[in-house]
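Student: Let me begin by handing over the structure; questions about it come next.
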Amino acid sequence: MLLVFDENSIFIPASAVDVVNEQHYLFLKVLCQMFVALGVNLCVVMAQFSNLEVPKTFSKYLNSVLLFSKHPSMVLSHQTQSLWLAIFRSPSVSQSPALHEIIPNLLLCETEKLLKPNSPLEYDLECPTDCLKFDSEEDFEASFNRYRADVIDVIRFITKIQPKLSFSLGSSLLKSVIHGEGWTQVFGPSVSQLSASLLWDALVHYFDGTCVP
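For the sequence shown, full-length UniProt numbering gives the first residue as 1, with consecutive numbering after it.
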């Protein structure tokens with residue numbers, strides 16, 4: 001199975017995950033599922049054979065997965081959460097320097113995903129090819145809450161590994177909201193129009209993730 005982690009097989013350029021149309025989106029969905037299954041199986045194999053090491057291309061693999069985590073599609077991003085959780089729960093894979101190297105970028109990605117769209121309509125406008133349609137506000141709330149619960153769990157694992165990083169980011173985000181600056185200094189202009197109430201809501205869930213039992 002480790003042979004599958006060939007450099008040409010697990011590298012995805014950032015432009016490749018830009019959705020062009022519905023067909024392309026469906027292809028990305030299957031590709032994401034394949035990447036997730038590959039990583040989960042790696043965790044299983046390494047749990048059974050303690051003498052194995054993570055592939056040399058593991059860093060490139062993680063960066064490819066991160067592209068899906070950052071994707072505006074809740075479906076694609078949510079698929080990757082199970083992989084991150086499997087990696088963090090793996091005693092051997094979670095010690096990989098490649099994972100620790102990507103954690104700062106992963107934490108920023110997960111934190112931004114805590115920001116909740118105002119409505120299903122707003123979400124549809126952000127990702128019109130998602131094919132994830134909601135019958136009601138309640139349906140949308142339930143789907144997003146399941147997604148956000150997994151994101152919080154990932155943040156919780158990150159906090160266990162790099163607590164200073166999590167607390168430092170939380171402090172910066174909290175100060176920015178208190179001073180009325182929003183989160184633009186951290187995430188750029190893409191979040192400049194978000195209301196203070198949305199930012200506070202995301203912060204509450206962020207600090208929930210930093211509460212490590």
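Glycine included, C-beta positions come from ideal geometry on N, C-alpha and C. Note that this is a predicted model, so its numbers are computed, not measured.
How big is the Cα-Cα spacing for Leu76 and Phe68?
Tutor: So the alpha carbons of these two residues sit roughly 6 Å apart.
Student: Should Gln23 go down as buried or exposed, given a rule of 16 or more other Cβ atoms within 10 Å for buried?
Tutor: So Gln23 ends up on the exposed side.
Student: Would a C-beta distance cut-off of 9 Å place Phe144 and Thr80 closer than the cut-off?
Tutor: Result no, Cβ atoms of Phe144 and Thr80 do not sit closer than 9 Å.
Student: Restricting to Cα atoms, I'd like to know which of His100, Ala142 and Asn51 is closest to Pro163.
Tutor: Selected option, being the one with the closest Cα: His100.
Student: So the alpha helix (DSSP H) Leu52 belongs to, where does it begin and stop?
Tutor: Unbroken run through Leu52: none, as it is neither H nor E.
Student: Sort Glu137, Asp153, Val45 and Phe140 by Cα distance to Leu106 and report the nearest one.
Tutor: Checking every option, the nearest Cα to that of Leu106 belongs to Asp153.
Student: What does the alpha-carbon distance come out to for the pair Ser168 and Val204?
Tutor: So the alpha carbons of these two residues sit roughly 15 Å apart.
Student: Restricting to Cα atoms, I'd like to know which of Pro213, Leu108, Ser59 and Arg148 is closest to Ser82.
Tutor: Ranking the options by Cα distance to Ser82, first place goes to Arg148.
Student: How many Å lie between Glu110 and Leu173 at the Cα?
Tutor: Whole-angstrom Cα-Cα distance: 14 Å.
Student: Return the Cβ separation of Ile155 and Thr210 in integer angstroms, given the expectation that the two are a contact with Cβ distance under 8 Å.
Tutor: About 7 Å separates the two Cβ atoms, so the contact holds.
Student: Identify which residue in Leu108, Tyr61 and Val151 has its Cα closest to the Cα of Leu85.
Tutor: Per the Cα distances, Val151.
Student: What residue from His71, Phe27, Ser94 and Tyr25 has the CA that sits closest to Ser59's CA?
Tutor: It is Ser94.
Student: If you draw a straight line from the C-alpha of Glu138 to the C-alpha of Leu38, how long is it?
Tutor: If I take the Cα positions, the gap works out to 33 Å.
Student: Trp183 and Leu194 - do their beta-carbons sit closer together than 9 Å?
Tutor: Taking 9 Å as the Cβ cut-off, Leu194 and Trp183 qualify as a contacting pair.
Student: Span of the alpha helix (DSSP H) holding Pro104?
Tutor: From DSSP, the alpha helix (DSSP H) with Pro104 extends over Pro97 to Glu112.
Student: At which residues does the alpha helix (DSSP H) containing Gly182 begin and terminate?
Tutor: That residue, Gly182, is in no alpha helix (DSSP H); it is neither H nor E in DSSP.
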